[in-house]
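Novice: So that we are looking at the same thing, I have put the structure below in structure tokens.
Chains as they are written, first to last, in this note's numbering: chain A, 1 to 365; chain B, 366 to 730; chain C, 731 to 1095; chain D, 1096 to 1460.
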């Protein structure tokens, strides 16, 4: 085993390229992991299109499950304190933070660490040890990575199906809490929207309405437990959607609206769906998709809380795995994985994900 | 005493008109109050310009101190449970809520009561008993008004100088709390900005910077205790102001930024002054001044809490009066009252307030 | 219809006495209600034993469902704003508060209203209109009562089965919130303990352990969804119970422990079941059962939050009815009603409830 | 410089012994510090009496200021990110945590870290490098210590005068927050009580009452800004003290009561001083002083929050230093230092501190 294959984004809006890299030996605190399944996140599509500036060439893939191939010296326990061995099936938090900067220490906002780096996003594949993304046969985890041994009862599909969407939602809904009995409206029926549906219900929402498309994803939402779904293909205007929401939840609006769309225009539309004094969680605007006209008077008059949330912390991976021990959610998230591609067809996989018309697309090297 | 004078807004953008009204007898639970001092709020200028729809003709004036002339049957105690007598100097919450609607009961957001009515704003002067605003010799308080007897030690100027600005700020900063040691930036140096300065400092802010104009108001801010002031007449661009803020508080931004300006463009400018994970309170957008281009990605990326707050509740009047027992704040707020006009010159008073170049203008009938 | 029967507690520790009372006409804002089912709460047993001072003679019964027999003038809508008509099936908050005192207004703690009065507890049956408790053919609801029309889909058994236990728990767990994923231990398997199990699970607890007795009640706990139960008849010492808890949840203790026992000794035992930095909700000590030796060093060292909660507000009845729209919880709470007695056997019903060996005992006049 | 002196607690209830230790070279990440001033904390007296189990012999002293004598490799910045140089005047958090255990990671309660170790408490002086306490000429700070360079404007007396009392209070009042306008009662007038007075006032308390003794300490409380003081030497019963408190704050009790006494009996006495629905912070029970009879019914009926807090985190040292930049608090805390002893008289210093009749006793090697 001297070299391995990885799919590399070499320039924006181009096809992924298969390259060979040497398989490294893990140093102290590091782990060499054989990738079992790598999820394709909607963010990967944005990255491939150049919507965020990343150090090309990059091996994409930040929601990954693999098995430990080799363990570096001094890496004996996972984040939870459980022992780690060669052969263990693991996942890991995509980001590593410094623990020392203004945001890490003084403000306890580690997701805003000034030197945060994420696997599959922030590492240039030209720099050794190269293997820092999930679209590859192997990945080398840095010292200080937050590794989680996956309990046997949780299938790999559930972990990758939940992906970074679930951890992102767990962070977001920690900041904009669901209170028992809340009526929740979710804008978007992609993986983030579905995860928001799951976490809202599990946290005691009495009613969850999902607005999205296409039909297949709205069916997922139903299967996740949404009490109502609204198709943006059928209700094509803000006003039409608002009317359909109010028909289902009454004229005051929702206690909490979760934006999981990513288009700026969703935000002013969403504010009108919140009851006065309610909460609006801006979760989908990870990429910078530009400005939109908004009226700040709405925030004052409706007495809103508009809450942002960026990424997640290792403890949200811990929470996600705990949620996936629940058989109901386990099967729902596993069922999201609809399309599997070998590593050699990584680019086809990315194009499939771009269509957004199915469930989750994954690469199984 | 058969009739009395009031200054009436009869149509938008016209001079206030002096009219005579019969002096009513208070019914059960009502109080007839002889106005001692009526503050002119910046909102009054907006109302006179027609920026909110009100039932003209209206007697303006919603921040008022007076003495009880006659007490209706069954009105024996003020909001705090203290006894009320003819001759007592009082103030009152400007709004009355129903206590029964969805917002009052189920969501405990009484400032969003569906049938809330405010003295000096929501009552047509053509309808008996006519006297429902402060720009008048007398005002008749409805049954259910939240009346506060003013302790002797607090001068009338302090109560009117603080006005609805202080109660609005107390509500807003209850929703967007100041934590001990916080760095606070305040956009705006009008009465709301100055009150935000006072409440932030009193709540433990370690540093308060006020951005505003004109110079006289920035001097007020200094006297209120602001550690730094930035003149929008000198720093005329967003970028220049941002740089001056960062020079004073460091490159990450403030823990809390309070918007007390009222122009929509202040909001996107303000977001850039908040540190990641910080709070932004939208307090000044009471009137609807229209849309502005904003980038919701900023909320996600900076992990902000953007919080709105509308008006205030009677308990915030209680809190304001408690704060005014503090000699320091008492004298600061009293000093805000710089211009006094008799009722006959109510229109001149309103025009003076419109200039916004001094402290607070008041009418002393 | 000139007179009706009620079961009256005339002196502590004596049998309930059947008395006749005139059936009153409802005045303005009042409602005459024909009792359909009156729950016997554990508190009723304490009251009958004289553990709280009440104005004897008293018609007990504070968790009641009935149908409107006559509506007084001006009573047209229920607490939620829905219209009320003769024949409607309703329940109501057991207490009425003044809305004006220090606790109601200034501190927003209406459950501590200085003049709070509760049906079935605080009204002397010798004073007209006499009918102020549920153990009777009729009850006359005062003006200002918080009445709730019960949706047709919710059976009476579910409402009475949930009783004041569910509303008390909803208030308590609003103060000591369950966070998604929390491990919760509940001390006590009576109606309050079962309701705590339901609300904890519905709020996202990942594991709930119930400690109680007898076996029948632990079976209820299992049916409610408890992941584990511990019998105090089998584990007869604090140490044994602690060991069994730790065997099930690990050595650190629970994120939240809810005391639903009522014996003071449960509290120091319970503190040892909470993880450091966790929460302990004292919910069961409604009656004054005396002092117990406790070590306050435990609160400091374990960095606990020990939270009390007294009674509930009308909005918790609203929340309870919303929870009972959920079919799962509806059937669980309805199944708690195991023993029905006619009004003529009210005393036998109370003795049955005293045994505490079954589910809930109710009176069906 | 081959050896130095330290005062060592060799067995409980014995005089401190002066011993010589070799002066070590700092290894990577370590710092050798020349002690300038070491505070004697009340806890040191408890430790010397054997109330907590520590690994004797121990060099006491956990609130210390010194100057960097030598810097180990790779230690270039303090906790705040500021550069460190030989000669810098510094202080440091007394404890180091693992950052990896259940409490550090999963529950974010680092003060309950399972392997937390504190300078001056948890290190045996027999084990190299020996110098791990403040009662010494030198102390060697471990890699991973949270070091703070002290701004020039803050005198050493202010830092040691504030000591661990201020950081403990900052942590405690972060958990049991002071809200603007709160009435606060503080039980105890030692360093913790005085710091609680300072932080309460700085956080917006409208009235602070301190209960304590002797007279000199109550004068300190007045100088710190307490609105009222109550002497336990004059009011010798719980009932008398309660009456005096209510005379000053009215019959409902305080919004927040802070226990800074350390005797268990203070806790049930203190509960009676809190208004219903208020908060009680148990801050003084660091040592285990045994059980006391308490009635948990009080917690339920009064709807209390009883909150514990253990030690502090590095960010509380940061907050303390920020507070000490305030000239007012700086001079108040500096004035607490009333008694200075050379290291050779460390035992006499400890005995002086035991008397508790002055301000703070310090050792100035």
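Using N, Cα and C, we set each Cβ at its ideal position, and we do this for glycine too.
#1: Is the number of C-beta pairs between the stretch 1289-1303 of chain D and the stretch 1254-1271 of chain D that are closer than 8 Å three or more?
#2: For a quick check, are the C-beta atoms of residue 373 of chain A and residue 477 of chain B less than 7 Å apart?
#3: Using a Cβ cut-off of 8 Å, pull out every chain D residue sitting near residue 78 of chain A, in sequence order please.
#4: I'd like to confirm the pairing. Which residues does DSSP put opposite residue 64 of chain A in its beta bridges?
#5: For the beta strand (DSSP E) containing residue 1388 of chain D, name the first residue and the last one.
#6: Kindly say whether residue 1143 of chain D, judged by its beta-carbon, lies nearer than 7 Å to any beta-carbon of chain B.
#7: Closer than 8 Å, Cβ to any Cβ of chain A: which residues of the stretch 920-943 of chain C, in chain order?
#8: Look at the Cβ atom of residue 1154 of chain D, then the Cβ atom of residue 1231 of chain D, and state whether they are nearer than 7 Å.
#9: Would you report the Cα separation of residue 689 of chain B and residue 456 of chain B, rounded to the nearest angstrom?
#10: Find the nearest neighbour of residue 2 of chain A within the set A:10, A:25, A:9, judged by alpha-carbon distance.
#11: Kindly list the residues whose CB is nearer than 6 Å to the CB of residue 95 of chain A, restricted to its own chain and excluding five residues on each side of it in sequence; keep chain order.
#12: So that I know if they touch, is there some Cβ in chain C lying closer than 7 Å to that of residue 278 of chain A?
#13: Which residues in chain A sit within 8 Å of residue 1151 of chain C, going by Cβ to Cβ distance?
#14: Can you list, in chain order, the stretches of the beta strand (DSSP E) that have 3 or more residues and sit fully within the stretch 104-148 of chain A?
#15: If you follow the beta strand (DSSP E) that residue 525 of chain B is part of, which residue opens it and which one closes it?
#16: Work out the CA separation of residue 1276 of chain D and residue 1444 of chain D for me, nearest whole Å.
#17: Could you tell me which chain B residues have their CB closer than 7 Å to the CB of residue 186 of chain A, listed as they occur along the chain?
#18: Beta-carbon separation of residue 1234 of chain D and residue 1226 of chain D under 7 Å?
#19: Please report the straight-line C-alpha distance between residue 609 of chain B and residue 1441 of chain D, rounded to a whole angstrom.
#20: Any residues in the stretch 1023-1035 of chain C with a beta carbon nearer than 9 Å to a beta carbon of chain D? Which ones, in chain order?
#21: Compare the C-beta of residue 1440 of chain D against all C-beta atoms of chain C and say whether one is closer than 7 Å.
#22: Any beta-carbon of chain A closer than 7 Å to the one on residue 1057 of chain C?
#23: Which residue from C:782, C:969, C:970, C:1044 puts its Cα closest to that of residue 1019 of chain C?
#24: Please confirm if residue 239 of chain A has its CB atom under 7 Å from at least one CB of chain B.
#25: Output needed for residue 357 of chain A: all residues of its chain with C-beta closer than 7 Å, excluding positions within five of it in sequence on either side, in chain order.
#26: Nearest to residue 376 of chain A by CA position, among A:321, A:351, A:361, is which residue?
#27: Would a check of beta-carbon distances place residue 322 of chain A closer than 7 Å to chain C?
#28: Just checking: is the beta-carbon of residue 630 of chain B within a distance shorter than 7 Å of some beta-carbon in chain A?
#29: State the start and end residues of the unbroken alpha helix (DSSP H) segment that holds residue 369 of chain B.
#30: Which residues in chain A have a C-beta closer than 8 Å to the C-beta of residue 674 of chain B? List them in chain order.
#31: Can you say whether residue 1115 of chain D is buried or exposed, counting buried as having 16 or more other CB atoms within 10 angstroms of its CB?
#32: Would you tell me roughly how many angstroms separate the C-alpha atoms of residue 359 of chain A and residue 764 of chain C, rounded to the nearest one?
#33: Beta-carbon of residue 67 of chain A versus every beta-carbon of chain B: anything under 7 Å?
#34: Is residue 274 of chain A closer than 7 Å to residue 385 of chain A when the C-beta atoms are compared?
#35: Listing by chain order, which chain D residues have their CB less than 8 Å from the CB of residue 1018 of chain C?
#36: Tell me which residues share the same chain as residue 633 of chain B and place their Cβ nearer than 8 Å to its Cβ, disregarding the 5 neighbours each side in the sequence.
Specialist: Looking at the atomic coordinates:
#1: yes
#2: As shown, chain A starts at 1 and ends at 365. That puts residue 373 of chain A outside it, with no answer to give.
#3: Taking a Cβ-Cβ threshold of 8 Å, none of the residues of chain D is close to residue 78 of chain A; the smallest such distance is about 11 Å.
#4: A:38
#5: 1387-1389
#6: So, not an interface residue.
#7: The stretch 920-943 of chain C vs chain A, Cβ under 8 Å: 929, 932, 933, 934, 936.
#8: Between residue 1154 of chain D and residue 1231 of chain D, the C-beta spacing is below 7 Å.
#9: 13 Å
#10: A:25
#11: 116, 118
#12: no
#13: Residue 1151 of chain C lies beyond the range of chain C shown here (731 to 1095); nothing can be said about it.
#14: 138-141
#15: No beta strand (DSSP E) contains residue 525 of chain B, which is instead part of the alpha helix (DSSP H) from 521-540.
#16: Distance from the CA atom of residue 1444 of chain D to the CA atom of residue 1276 of chain D, rounded to whole angstroms, is 40 Å.
#17: The contacting residues do not exist; residue 186 of chain A stays about 16 Å from chain B at best.
#18: yes
#19: 51 Å
#20: Answer in chain order: 1023, 1024, 1025, 1026, 1027, 1028, 1029, 1030, 1031, 1032, 1033, 1034, 1035.
#21: No, residue 1440 of chain D does not count as interfacial toward chain C.
#22: Among the CB atoms of chain A, none fall inside 7 Å of the CB of residue 1057 of chain C.
#23: Ranking C:782, C:969, C:970, C:1044 by Cα distance to residue 1019 of chain C puts C:782 first.
#24: no
#25: 214, 216
#26: Nothing can be reported for residue 376 of chain A: it is not among the residues displayed for chain A, which extend from 1 to 365.
#27: Yes, residue 322 of chain A counts as interfacial toward chain C.
#28: no
#29: Where residue 369 of chain B is concerned, there is no enclosing alpha helix (DSSP H), although the beta strand (DSSP E) it sits in stretches over 368-374.
#30: 300, 303
#31: exposed
#32: Going from the Cα of residue 359 of chain A to the Cα of residue 764 of chain C covers about 56 Å.
#33: It does not: the Cβ of residue 67 of chain A has no partner Cβ on chain B nearer than 7 Å.
#34: Lying outside 1 to 365, the shown extent of chain A, residue 385 of chain A is not represented and no answer is given.
#35: 1390, 1392, 1396
#36: 657, 658, 659, 660, 663
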